[in-house]
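For reference, the structure is listed below as structure tokens.
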Ligand SMILES: NC(=O)c1ccc[n+]([C@@H]2O[C@H](COP(=O)([O-])OP(=O)(O)OC[C@H]3O[C@@H](n4cnc5c(N)ncnc54)[C@H](OP(=O)(O)O)[C@@H]3O)[C@@H](O)[C@H]2O)c1
């Protein structure tokens, strides 16, 4: 039996990926297609999802379903749960998320609350629903997204860093709860990655890694590690920062964030 077959047997034939239209989520879609999973792709830009889907259907003998959903809207999150209830989904990758930058009191509160809805509330709601299903099936896998920014407070992206601290803490806690039911969970804590993220967050990244390879490394760590720092840059930054006390990490990241947002 090939490694891909073993991996599919462990989690089931179907995987669901949110944030599938771009960046890291899209890398997961390509890697899971390569591993032979049927896929549910979720994001707001349906035409891009259809394009990715038809390319991957041709290249791999897999089924792909597309769901257009704004996951910052709880009704759309429920729609995703409802529309997938008859599929044998055994793996979920909740990559949809965005960041913001600037002094918290000067930026749009609506956008900040929308970010909490997407980065935190939708993650909790989808995880709750699928983890229950996985517990019943006695198998399943969950991939959540923290960030290098989620291990301390960071000025000029305070609320985004806090959403990622929330996900990291949530992931660590429920990972232990789910383990006895043969349900694996891993949190991904990337450093800077070249994707649609920086543009939407209005940040200029100096060095950043490609999203390519993040999925492979993460899926290989699922069931083995609590947190993955994917790629060389994430590891270098993550491990160097982790040698510092929390306030020291904040000082360094505050400075980096000032440079990334053009405030010297
Ligand atoms: N890039 C980085 O430097 C970095 C670093 C650390 C952690 N992360 C985390 O990694 C994850 C993936 O980020 P990325 O770099 O791949 O960003 P990205 O390239 O901007 O992709 C974000 C994805 O989320 C989807 N999305 C955004 N808003 C949505 C909404 N309201 N409802 C449904 N889908 C939505 C986008 O699709 P549509 O626009 O089509 O909806 C897109 O597919 C995020 O959770 C991010 O916080 C990224």
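Numbering (this note's numbering), first residue to last: 1249 to 1512. Where a beta carbon is used, it is the ideal one built from N, C-alpha and C, also for glycine.
- At a Cβ-Cβ threshold of 9 Å, residue 1381 and residue 1393 do not count as neighbours.
- Relative to ligand 1, even the nearest heavy atom lies 8 Å or more away from the CB of residue 1508.
- The C-beta of residue 1474 has fewer than 16 other C-beta atoms within 10 Å across all chains shown, which makes the residue exposed.
- Comparing alpha-carbon positions, the option among 1294, 1454, 1477, 1449 lying closest to residue 1461 turns out to be 1477.
- For residue 1389, the secondary structure class from DSSP, reduced to helix, strand or coil, is strand.
- For residue 1507, same chain residues with a beta-carbon under 6 Å away, outside a window of 5 residues either side, do not exist.
- CA-CA distance, residue 1346 to residue 1283, rounds to 27 Å.
- Pairing residue 1433 with residue 1389 gives a Cβ-Cβ distance under 9 Å.
- Inclusion of residue 1370 and residue 1422 in the CB contact set at 9 Å is not warranted, their separation being larger than that value.
- By the C-beta criterion, the stretch 1291-1302 is judged not to be in contact with the stretch 1345-1363, since fewer than 3 inter-stretch pairs fall below 8 Å.
- Taking C-alpha positions only, residue 1405 is separated from residue 1502 by approximately 9 Å.
- Looking at the backbone, the Cα of residue 1407 and that of residue 1353 are separated by about 11 Å.
- Annotation: residue 1300 to residue 1359 spans about 28 Å, alpha carbon to alpha carbon.
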